[in-house]
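J.:
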Amino acid sequence: MALSEMARLPVNSMLSGPAGGVIGAVEFARTIGINDIITYDMGGTSTDTCLFPQRPLRFNQ
Numbered sequence: 000m001a002l003s004e005m006a007r008l009p010v011n012s013m014l015s016g017p018a019g020g021v022i023g024a025v026e027f028a029r030t031i032g033i034n035d036i037i038t039y040d041m042g043g044t045s046t047d048t049c050l051f052p053q054r055p056l057r058f059n060q
């Protein structure tokens, strides 16, 4: 996102911190040869998790 867009529509940057952490974790995992990861971001008022498998997940009901 361009800085000018962020200045004009700051709401578009909401949750960019947790998203940035996931992107960084995925790239780090790839660098060290790990394919399937779970991230965990605990803040003052919320906790965010992300499952990032190498292959699509299968669900059974």
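The numbering of the sequence shown is numbering that gives the first Met the number 0, which starts it at 0 and goes up by one.
All C-beta atoms, glycine included, are put in the ideal place defined by N, C-alpha and C.
(1) Looking at the strands, I want to know which residues DSSP matches up with I37.
(2) How big is the Cα-Cα spacing for G20 and Y39?
(3) Any idea what DSSP makes of M5, helix, strand or coil?
(4) Relative to the C-alpha of P55, which candidate in N34, S3, R7, T48 has its C-alpha closest?
(5) Where does R29 sit, in a helix, a strand or coil, going by DSSP?
T.: So, from the listed chains and residues:
(1) L50
(2) 9 Å
(3) The DSSP-derived three-state label of M5 is helix.
(4) Distances from the alpha-carbon of P55 to those of N34, S3, R7, T48 put N34 closest.
(5) helix
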